[in-house]
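Engineer: Provided herewith is a single structure, encoded as structure tokens, for subsequent inquiry.
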Amino acid sequence: MSNPILDTFFEETEELLESLAEGLESMQGAEFDKETVNSVFRAVHSIKGGAGAFKMTELVNFAHSFETVMDAVRSETLALTPQIMHTLMRSADCLADLVDAARSGRTISEEVTSGFLTALQACMGEGEIEAVDAWDNFEFNAVTLDIEPINVDAPAVATMETTAASDTAQVQIGFQIDFRPHAALFTNGHEPALLFAALGDLGQMTSRIDMTKLADWSDFDPTEPRLSWTVDLRTDESEISVQEVFEFVHGLCDLRIKPLMGPPPSPNPELSAEGKSATNKSDAGPAPTVVADISSPAAIAMAAAPSTAATPAVVVAAKAKAERNDDGSDAKAPKATLRVDLDRVDRLINAVGELIINQAMIAQRLQDMTSTRDDDLVMHIEDYRLLARDIQEGVMAIRAQPVKSLFQRMSRIVREAADATGKLAELVTSGEGTEVDKTVVERLADPLTHMIRNAVDHGLESRGARGAAGKPPMGTIRLSASHRSGSVIITVKDDGAGLNRPKILEIAKRKGLIAPEAELNDAEIDQLLFMAGFSTATTISNLSGRGVGLDVVRNAVQALGGRISIATTPGHGTEFTIMLPLTLAVMDGMVVTVGGQTLVVPITSIIETIRPLPTDLHRIGTDETLLSIRGRMIPVVDVARSLGFPSPGTHSAPLLLLVESEKLGECALVVDSVQDQRQVVIKSLESNFGSVPGVSAATVLGDGRIALILDPDAIAGGRATSNYPMPNILSNAGRTAYANA
Amino acid sequence: MQTLEDTTKSEVEFVTFSAGEQSFSIEITQVREIRRWSPVTALPHAPHEVLGVMNLRGSVIPIYDLAARFGLGQTPENPRNVIVVAMHGGQTVGLLVEAVSEILSVSREKIQETPDIRSEVARQSITGVIPIETGMTRVIDLGAVLHPSNWSVA
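Chains A and B supply the protein sequences, listed in that same order.
Residue numbering for the first sequence follows our numbering, starting at 1 and increasing by one per position.
Residue numbering for the second sequence follows our numbering, starting at 1001 and increasing by one per position.
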């Protein structure tokens, strides 16, 4: 499976699919220019080309039909009706599926693709189909001209102009192709005879050989090609098809393709010099019509083993390319990007992390040497610190990716979910340019898919109910991303009916998720949605409703170090907010001492630090303590004890970190002292050791020693009490079991 | 040529060291480096033989007290103690030992299978013994040392 060329193909295809989706998206809007249509066409075409090289027949056939429709749109013979637009969008989805299937070696059932194929062909409309017929007939009559019959399973792009051609005197009847191979073409193992054979497949060709560059036998250099050809190709194929023939020798030859003007095709003995199938590989498709002496082995031998005198042709390959761009089919220079192995980037990130630590160590040393204070040195160290930060930010930016690709995938989810539920829904996105760590983007795909499906399936009301509520039939799902104080906020908002709290409560009680007599406030009821095994859908739809949705979403978000919250307005919709750290490699932490050990507590979970009055602490039971703050009682957790470190014993007035835990709400952690607040580089403990209860990761401090990063949720969750109304989400059974083992 | 290949096949090199006043060895291909002892950061809820974690050029590696692992008591603190950094299946770990003795090159036939001994820890984590001048050295199965669950379950 690890064929690097194949991998590259899929990587590129991924990008092409992205630009395809993007293009279609903007074509949906009222304003789009020809370039957009071209870019969509190019994307489909390139996928087809690449797939062809790997013999992915299904993909090629599908892409071809897609391309045919796009070509009609491009040449403005097909109007873009909403219906056609819908078909195109869904076909793009199907194309993505086919690529996916090809990548994983699966096959997609013929029915699925043929459905789309039929829809695509239907797009071409009545008139267009007739045109194809007419052309077929025309071709049948012209057999004497030796035009090859077109391939049936890959219908060619046929336009009305083809038939109209015979009426005018001077029309474009094909292309004039100037072809001069470079030495590299031969060293790379290409063979002009095969190229001519492929050209012959496209239509009828005549070629003239240019032997002026041939030199004397006396200065014979057998490796320097001296021949060039001018080929007149009479064809109805588009220029793209002609360029396709030369696709693999691009840059290895000088190539110019010009329209060939002339009288409409008529029997011409000179041109139709009966092509004896010149290729040795006659099994490779229909016999091409090639003027025999050109592609005969002798002539080719001359091309490869020529003479000397004349200087080699130095038309820069780039120029040839520029000319090919004339019709705009290849224009719009792509943004220069570099594909880099992710491992290399990560190694770099690791090294930069070390640099930061090293810088901190030097700075600390310098600060300790107060006796020999050197202002210059202090200044240089400060510069060093800033530079190191710059480098770190730059390196982190390599891993950052806009959420655009993620959001684009979601519009497909909305389409599918809407089709399946019979609702009308549109996705409105904003902040697609927001950049997040690559891993975050990847690992957010599944949870976001769940949420979007939920929003369509559960969030939006049925069409009838929307009408009754005076809302437009088209439901709107808003997906937005933004940066806020070192975090990324992603929100999913629907304009549906909002959460039905009494129903949620009733279901939770019926399923035994909470005690029947439990009294919950609104926020607690909303939280029930995130419990495992909760599902409000009365019927299990095939989209969502299996009750695995939101708790999976919450777990995935938490695994990324983020949080999810929910807000709802009855009658106006529900909004889910995901808050994620910008990067997974660095975080802001508070450095504290607990039981003689240095620990780091993530800033994101700390609300405040307090030193309470002894009268605010209340003992409960044998060794539990509650803190009363602003009229509320919150549990106090002795961090040292829960980590198994020697505890200094109960303080009368300990220093407390007020943290917010997803599971317990607020909770106060007892620490000995707070040292510092700083950015720390996160190091995994799991790669070399394993997970440690109560600890999420480790980091390296300025002195080179390791400090553990506390997982406040686990610490807080470790003290679950049995009388709490929601035992399922509270008890941290797994962790506790590990701790006791 | 033939003979060279034969030699490389049959000769194995081991790093031998002492822990708990016994001689142990691991294959040299598993050893990454040998380092001076430096303070470690204790891990909560860790088994008693895991002393804590250490910073190895940016990687966090756990340090195992080999003597404690084999039930020979905690290695007493001594500035001469060294840490053998070893790799096992993508995992990098440090083994605290009293001293590294030598590099031993033996032919495969010289390695004897561990006799049927009663100590389960020893039977599971020692793959064989090699007789040496001063007695014998025990060949450690690093995987079994790092993942005790494999044998405690069995």
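The beta carbon of each residue, even a glycine, is placed where N, CA and C say it ideally should be.
1) Judging by CA-CA distance, which residue of A:R678, A:L386, A:V345 and A:D383 is the nearest neighbour of A400 (chain A)?
2) When you compare the segment 181-191 of chain A with the segment 247-258 of chain A, are there three or more beta-carbon pairs, one atom per stretch, that lie closer than 8 Å?
3) Hey, quick one: how far does the alpha helix (DSSP H) through S411 (chain A) stretch, first residue to last?
4) Tell me the residue span of the beta strand (DSSP E) that contains S480 (chain A).
5) Nearest chain B C-beta to F645 (chain A) closer than 9 Å, yes or no?
6) Looking at the structure shown, is P654 (chain A) part of a helix, part of a strand, or coil, going by DSSP?
7) Please confirm whether S687 (chain A) has its beta-carbon closer than 9 Å to some beta-carbon of chain B.
8) T107 (chain A): buried (16+ other C-beta within 10 angstroms of its C-beta) or exposed?
9) Would you call the segment 1036-1053 of chain B in contact with the segment 1121-1131 of chain B, where contact means no fewer than 3 C-beta pairs closer than 8 Å?
10) Is the CB-CB distance between A508 (chain A) and I490 (chain A) below 9 Å?
11) Could you name the residues of the same chain whose beta carbon sits closer than 6 Å to that of D604 (chain A), not counting the 5 residues immediately before and after it, in chain order?
12) Quick check on K258 (chain A): does DSSP put it in helix, strand or coil?
13) Ignore the nearest five residues each way along the sequence and tell me which others in D232 (chain A)'s own chain have a CB closer than 6 Å to its CB.
14) Against chain B, does V600 (chain A) count as a neighbour if the rule is that its beta carbon must be under 9 Å from one of theirs?
15) Report the residue from A:L656, A:L643, A:I362 and A:L386 whose alpha carbon sits nearest the alpha carbon of P636 (chain A).
16) Along the segment 1066-1081 of chain B, what residues have a CB closer than 7 Å to any CB found in chain A?
17) Is the CB of R1057 (chain B) under 9 Å away from at least one CB in chain A?
18) Taking the straight line between their C-alpha atoms, what separation do you get for K336 (chain A) and V1121 (chain B)?
19) Does H380 (chain A) pass the burial test, meaning 16 or more other C-beta atoms within 10 Å, or should it be called exposed?
20) Residues bridged to V594 (chain A) by DSSP?
21) Give me the Cα-Cα distance between F41 (chain A) and R74 (chain A), rounded to the nearest whole angstrom.
22) Could you tell me whether the segment 449-466 of chain A touches the segment 416-436 of chain A, using the rule of 3 or more Cβ pairs below 8 Å?
23) Use the C-beta contact count for K34 (chain A): other C-beta atoms within 10 angstroms, 16 or more gives buried, fewer gives exposed.
24) Since A668 (chain A) contacts L613 (chain A) with CB under 8 Å, what's their CB separation in whole angstroms?
25) Measure from the alpha carbon of L529 (chain A) to the alpha carbon of each residue in A:A559, A:D495, A:N521 and A:I566, then state which is nearest.
26) If the cut is a Cβ gap below 8 Å, which residues of chain B does Q597 (chain A) touch?
27) Can you pull the chain A residues whose beta carbon is under 9 Å from the beta carbon of Q1091 (chain B), in chain order?
28) To the nearest angstrom, how far is it from the Cα of V441 (chain A) to the Cα of G394 (chain A)?
29) So is A707 (chain A) in contact with chain B if we call contact Cβ pairs under 9 Å?
30) Just to confirm my understanding: we take R1035 (chain B), look at its own chain, exclude 5 residues before and 5 after, and list those with CB closer than 7 Å. What are they?
31) List the DSSP bridge partners of V340 (chain A).
32) When you check each C-beta in the segment 390-423 of chain A against every C-beta of chain B, which residues fall closer than 9 Å?
33) Using a Cβ cut-off of 7 Å, which residues of the segment 333-356 of chain A contact any Cβ in chain E, in chain order?
34) Hey, is the segment 1058-1068 of chain B in contact with the segment 1107-1124 of chain B, meaning 3+ C-beta pairs nearer than 8 Å?
35) Bridge partners of P602 (chain A), per DSSP?
36) So, at 6 Å on beta carbons, what are the nonlocal neighbours of G561 (chain A) in its own chain, with the 5 sequence-adjacent residues on each side left out?
Structural biologist: The short version:
1) A:V345
2) yes
3) K404 to T421
4) M474 to R484
5) yes
6) coil
7) yes
8) exposed
9) no
10) no
11) Sequence check: residue 604 (chain A) is Thr here, not Asp. Around T604 (chain A): no qualifying Cβ.
12) strand
13) Q176, T206 and L260
14) no
15) Reading off the sequence, residue 636 (chain A) comes out as Val, not Pro. Among A:L656, A:L643, A:I362 and A:L386, the Cα nearest to that of V636 (chain A) belongs to A:L656.
16) none
17) yes
18) Per the sequence shown, the amino acid found at residue 336 (chain A) is Ala instead of Lys. Going from the Cα of A336 (chain A) to the Cα of V1121 (chain B) covers about 59 Å.
19) exposed
20) A:Q597
21) 8 Å
22) yes
23) exposed
24) Wrong, their Cβ atoms sit about 14 Å apart, outside the cutoff.
25) A:I566
26) T1041 and A1042
27) S687, N688 and F689
28) 19 Å
29) yes
30) V1082, I1083 and V1085
31) V340 (chain A) is not bridged to any residue.
32) none
33) Absence of chain E from the displayed structure is noted, the protein chains being A and B.
34) no
35) A:G589
36) P581
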